[in-house]
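Going down the list, the sequences are from chains X and E. Remember, the numbering used here sits 5 above the position in the first sequence when you count from 1. Remember, the numbering used here sits 5 above the position in the second sequence when you count from 1.
Protein chains: 2
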Amino acid sequence: MEAVGLITEYNPFHNGHLYHLRIAKQLTNAQVVVAVMSGNFTQRGEPTILDKWERAKLALENGVDLVIELPVFDAVQPGQRFATGALRLLNDLKVKTVVFGAEHPEWDFARLSSFEQKFRHDNFTDYRETFATQFNAALVAKTGISLTNPNDILAYSYFKACQEHGWPLELVPIKRQGKDYHDQTLGVNLASASGVRAAVKAGQPIENVVPKETARALVGLTTIPSWQTLYPILRNHLIQAPVNELQKIYQMTEGLEYRLKEAAQHELDFQSFLHAAKTKRYTFARLLRLCLYTVLEITTSQMENAQPHHHVLAFNERGQEYLHQVKKKLQYPLITKVDAKMKDHVLSLDYRAGKLYQNFTVVEQDVKHAPVIDLSSKKH
Amino acid sequence: MEAVGLITEYNPFHNGHLYHLRIAKQLTNAQVVVAVMSGNFTQRGEPTILDKWERAKLALENGVDLVIELPVFDAVQPGQRFATGALRLLNDLKVKTVVFGAEHPEWDFARLSSFEQKFRHDNFTDYRETFATQFNAALVAKTGISLTNPNDILAYSYFKACQEHGWPLELVPIKRQGKDYHDQTLGVNLASASGVRAAVKAGQPIENVVPKETARALVGLTTIPSWQTLYPILRNHLIQAPVNELQKIYQMTEGLEYRLKEAAQHELDFQSFLHAAKTKRYTFARLLRLCLYTVLEITTSQMENAQPHHHVLAFNERGQEYLHQVKKKLQYPLITKVDAKMKDHVLSLDYRAGKLYQNFTVVEQDVKHAPVIDLSSKKH
Chain X
6 MEAVGLITEY NPFHNGHLYH LRIAKQLTNA QVVVAVMSGN FTQRGEPTIL
56 DKWERAKLAL ENGVDLVIEL PVFDAVQPGQ RFATGALRLL NDLKVKTVVF
106 GAEHPEWDFA RLSSFEQKFR HDNFTDYRET FATQFNAALV AKTGISLTNP
156 NDILAYSYFK ACQEHGWPLE LVPIKRQGKD YHDQTLGVNL ASASGVRAAV
206 KAGQPIENVV PKETARALVG LTTIPSWQTL YPILRNHLIQ APVNELQKIY
256 QMTEGLEYRL KEAAQHELDF QSFLHAAKTK RYTFARLLRL CLYTVLEITT
306 SQMENAQPHH HVLAFNERGQ EYLHQVKKKL QYPLITKVDA KMKDHVLSLD
356 YRAGKLYQNF TVVEQDVKHA PVIDLSSKKH
Chain E
6 MEAVGLITEY NPFHNGHLYH LRIAKQLTNA QVVVAVMSGN FTQRGEPTIL
56 DKWERAKLAL ENGVDLVIEL PVFDAVQPGQ RFATGALRLL NDLKVKTVVF
106 GAEHPEWDFA RLSSFEQKFR HDNFTDYRET FATQFNAALV AKTGISLTNP
156 NDILAYSYFK ACQEHGWPLE LVPIKRQGKD YHDQTLGVNL ASASGVRAAV
206 KAGQPIENVV PKETARALVG LTTIPSWQTL YPILRNHLIQ APVNELQKIY
256 QMTEGLEYRL KEAAQHELDF QSFLHAAKTK RYTFARLLRL CLYTVLEITT
306 SQMENAQPHH HVLAFNERGQ EYLHQVKKKL QYPLITKVDA KMKDHVLSLD
356 YRAGKLYQNF TVVEQDVKHA PVIDLSSKKH
């Protein structure tokens, strides 16, 4: 069996994801679709609208055969580490091809990557703006290409990761369909995930832009997970912990500990806090991720010592068969059911993230939670 | 001017407090009533029903002339440190007499104290029960006196503190009137503070048992501060912080860090958590205080290095005059307005407790908060 790999958040699963999935199968003739999916927090550091199990179930119901969790230590990261973490798992799972959307699939992403290497070495000395901003300016000057669309940037990161690690994965960028990522209005049949979330929040209909299973899962949603709910936790830790403790938190650098502590003391809601903490030097995404590291109290050493693993969230008959095919060749541990020992070791950070997510739903996210299994495809 | 000192929580101010205040004046012929009052958290480690400023105002409106905050590091403590901290301030304020309620004011509390000294040295070797339980059993055997009523125990602690420190305060226990402390039903004109709080929670009338000012302050109360609101903060820190960090918290001893961490992982509401954590060895009050130390992330060294001070919450003309009379002789700093520097030093723990209390009311509790002042008595 040959597998095609997808790197996803499915927050939530919508028609664009369905399209992507079908194209990926068509293009590759793969018999199995393996999705690596973020857990309960997105790359931007925000809680997902549905928990990882519900999202994995929706993926399964819509054609994915095997869903593996991208651990929080790789999922909530800048694009490059996110991309690397996801491809590391797909490569270990012996996936042949990885298909992903890009705004400009025709670009030679591999060539751009070697240019960055040189730029990072020679030119990044101006600390008033983000690295991404400066690198992109240089890239435009040199190649005429502007790496500003989010999926182009991710596509670029995938190529770079494979180059650096020598992974034999075949990378296939495809044209991203439908609305722009940042567009929050609903298209007729396609919308971005953020558009779907905004519609759910506003109580607008979403049936046209998501599969019926997603619509059903979101209809019953009473509270939408958001940082506002977590802010009392974040605020308290920023206030109570001394600066030298805050400095131990992963990515709490360049005096951010003072800046965040100050903002926490004055601001009583999360949006005001975020705007008080923001400077040109840090993107909102970086600050959001740092907020998550802070409430999870993740230290630099915990992040650096985190161990890659395959936590299976969902599979069907084909997924099961594929797992049997590859499981003896895996470098990283395969986890189908989390026990009390794992929660304190290999799965520690995901477990802790799951406990935080219990502020939104009381469901235990890891310990003894069995994968979502659908073996009805046997009958087909 | 001679002053009588009262040691109070006023949570909230009720008719029993009014009675106590009037008797204290009558008995002592003092011209000034000075109350040392807990801030936003009680001796048992619970948030107060109204913040310290509102409670200080009610005290002022009902006959107290000067309200000084008992800092959180002495207020949220077992009886002995609570008593010692309060008397330390009253002694520094040159108060002549301290009047307090006791169930058995006729007892010779001073004599009992020397007995404890000996017991502590010889007999406390059984760790299956609390020290208080064991000491009391020995006390009954030796003297026939059972130190089980909460105000008798506090009275005893006041005598012990004065003995140990050689403070020249005159201690006057008086008969406690009205309902028992633990009785939650309302008497006709007298009720315990916990009875008043229970009535407020249940939406029952309280006008008969509290002064009109208290009734007015509580009528508008929409949310009653409780640990349930703070539990997500407590739970998250217990889960996210490693055991060796939790061990740094004041009073986190004897493996409690493991016990609390375990309970936090499984329990989603505060009452279940508390019952899961409870053993015969620890009283609920001790656990509640430990919960507060945990959310405030107070380390043993922070607690030990805390500096006594007089934070003035409220005064009238007589209180002002008395402050003028004593302020040059004070050993501890007199604080009438907290600035940004104090919040990081002498007032650090109270400031942090006030920030936590902002989960109940958005009012800034310390920085730049002026005392409640009523100078209308000038006219009398």
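Where is the CB? At the ideal position from N, CA and C, for every residue including glycine.
At least 8 Å separates the CB of Val343 (chain E) from every CB of chain X. Here Leu32 (chain E) is not near Val77 (chain E), since their CB atoms are 8 Å or more apart.
For the region 30-104 of chain E, the continuous alpha helix (DSSP H) assignments of 4+ residues that do not extend past its boundaries occur at 57-66, 77-80 and 84-97, in sequence order.
When DSSP reads this structure, Asn321 (chain X) sits in a beta bridge with X:Asp379. Straight-line spacing of the CA atoms in Leu380 (chain E) and Ala88 (chain E) works out to 30 Å.
Given a length threshold of 4 residues, each whole run of the alpha helix (DSSP H) inside the region 202-235 of chain X is given here in chain order: 217-224.
Beta-bridge annotation (DSSP): Ala107 (chain X) is paired with X:Lys180. Ranked by Cα distance from Arg357 (chain E), the first of E:Phe365, E:Val367 and E:Asp371 is E:Asp371. Take Leu293 (chain X), set aside five residues on each side of it, and the residues of its chain with a beta-carbon closer than 8 Å to its own are Arg49, Gly50, Glu51, Trp232 and Leu279, in chain order. In its chain, beyond the 5 residues on either side, Leu339 have a beta carbon closer than 6 Å to the beta carbon of Lys332 (chain X).
Residues Tyr15 of the same chain have their beta carbon placed closer than 6 Å to that of Arg60 (chain X), with the five preceding and five following residues left out of the count. The region 210-228 of chain E makes no contact with the region 351-370 of chain X: fewer than 3 CB pairs, one atom from each, lie closer than 8 Å. Under a 10 Å Cβ-count criterion, Lys360 (chain X) is classified as buried, with 16 or more other Cβ atoms of the shown protein chains found around its own Cβ. Minimum Cα-Cα distance from His170 (chain X) among the listed residues X:Ala91, X:Lys334, X:Gln252 and X:Ala137 corresponds to X:Ala91. For the region 280-354 of chain X, the continuous alpha helix (DSSP H) assignments of 4+ residues that do not extend past its boundaries occur at 289-300, 305-309, 322-331 and 345-348, in sequence order. Ala8 (chain E) sits in a strand when the DSSP states are folded into three classes.
In its chain, beyond the 5 residues on either side, Gln256, Met257 and Leu261 have a beta carbon closer than 7 Å to the beta carbon of Leu295 (chain E). In this structure the region 65-77 of chain E lies against the region 310-325 of chain E, because at least three pairs of beta carbons, one per stretch, are closer than 8 Å.
Between Leu361 (chain E) and chain X, the shortest Cβ-Cβ separation is below 8 Å. Nearest to Val367 (chain E) by alpha-carbon distance, out of X:Pro313, X:Thr288 and X:Pro237, is X:Pro237. The DSSP-derived three-state label of Ile150 (chain X) is coil. The alpha-carbon of Val145 (chain E) is positioned some 28 Å away from that of Trp172 (chain E). Here Thr138 (chain X) carries a helix assignment [DSSP, helix/strand/coil].
Taking C-beta separations shorter than 7 Å and ignoring five residues to either side along the sequence, the partners of Thr288 (chain X) in its chain run Thr135, following chain order.
Under the three-pair Cβ rule at 8 Å, the region 303-316 of chain X does not count as touching the region 262-282 of chain X.
Here Tyr263 (chain X) is exposed: its Cβ has fewer than 16 other Cβ atoms, across all protein chains shown, within 10 Å.
Annotation: the continuous alpha helix (DSSP H) that includes Asp157 (chain X) extends over Pro155 to His170. Leu94 (chain E) and Pro110 (chain E) have their C-alpha atoms roughly 23 Å apart.
C-alpha of Ala137 (chain E) to C-alpha of Val81 (chain X): approximately 50 Å in a straight line. Of all residues in the region 38-59 of chain X, none comes within less than 8 Å of chain E when Cβ atoms are compared. Annotation: Cβ neighbours of Ala246 (chain X) in chain E (cutoff 7 Å, chain order): Glu302. Residues of chain E whose Cβ lies closer than 8 Å to the Cβ of Gln270 (chain X) are, in chain order, Lys360. The beta carbon of Pro230 (chain E) sits closer than 6 Å to those of Pro52 and Phe365, all from its chain and outside the five residues before and after it, given in chain order. Taking 8 Å as the CB threshold, Asn364 (chain E) lines the interface with chain X.
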